[in-house]
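Asks:
Residue numbers (this note's numbering): 17 to 122.
1) Under three-state DSSP, which class holds residue 76?
2) Could you tell me the distance, in whole angstroms, from the CA atom of residue 78 to the CA atom of residue 24?
3) So what does DSSP say about residue 115, is it helix, strand or coil?
4) For residue 49, collect the residues of the same chain with a Cβ closer than 8 Å to its Cβ; drop the 5 residues on either side in sequence, then sort them by chain order.
5) Pick out whichever of 99, 40, 105, 53 has its Cα sitting closest to the Cα of residue 81.
6) When the Cα of residue 18 is compared with those of 31, 64, 36, 96, which residue comes out closest?
7) Do you know how far the Cα of residue 53 is from the Cα of residue 65?
8) How many Å lie between residue 113 and residue 93 at the Cα?
9) Taking the continuous beta strand (DSSP E) assigned at residue 64, which residues delimit it?
10) From 22, 21, 27, 20, pick the residue whose C-alpha is nearest to that of residue 87; which is it?
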């Protein structure tokens, strides 16, 4: 039987649930929370971090930590000039002139 997953991608937090026995069940984070910060971080060694762990390390690694990404999704680069100034990570113009995030190579 196929699995069904639901994702509520929020600007600040996200929630993921699966169907079990006909009922939705929210998946908790490693910390036991039902909410997961909508943050992804990349360490200098190339490790990927998500959620609360990524949010905590953003203070010392802001240029490699992506948050508030929904403001760029589905938008052209030239539409987000104001928003680009509000984030510490680099937003570039992709091949289709869409807004993309560039994470420096590690």
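Cβ atoms here follow ideal geometry from the backbone N, Cα and C, with glycine treated the same way.
Replies: Here's the rundown:
1) One-based indexing of the chain shown puts residue 76 at position 60. In the three-state reduction of the DSSP assignment, residue 76 falls in the coil class, being assigned neither a helical nor a strand state.
2) Taking the first residue of the chain shown as position 1, residue 78 is located at position 62. Taking the first residue of the chain shown as position 1, residue 24 is located at position 8. A direct Cα-to-Cα measurement between residue 78 and residue 24 gives close to 24 Å.
3) Residue mapping note: residue 115 aligns to position 99 of the chain shown, counting from 1. For residue 115, the three-state secondary structure derived from DSSP is strand.
4) For the purposes of this step, residue 49 is taken as the residue at position 33 of the chain shown. Excluding positions up to five away in sequence, the list reads 68.
5) To locate residue 81, count along the chain shown from 1; it is residue 65. Considering only 99, 40, 105, 53, the residue with the shortest C-alpha distance to residue 81 is 105.
6) Numbered from its first residue, the chain shown carries residue 18 at position 2. When only C-alpha atoms are compared, the closest one is 36.
7) One-based indexing of the chain shown puts residue 65 at position 49. One-based indexing of the chain shown puts residue 53 at position 37. The alpha-carbon atoms of residue 65 and residue 53 are separated by roughly 11 Å.
8) On the chain shown, position 97 is the one that residue 113 refers to. On the chain shown, position 77 is the one that residue 93 refers to. Going by C-alpha positions, residue 113 is about 6 Å away from residue 93.
9) Against the chain shown, residue 64 aligns to sequence position 48. In the DSSP assignment, residue 64 falls within the unbroken beta strand (DSSP E) covering 64-66.
10) Taking the first residue of the chain shown as position 1, residue 87 is located at position 71. Between residue 87 and the set 22, 21, 27, 20, the nearest pair of CA atoms involves 27.
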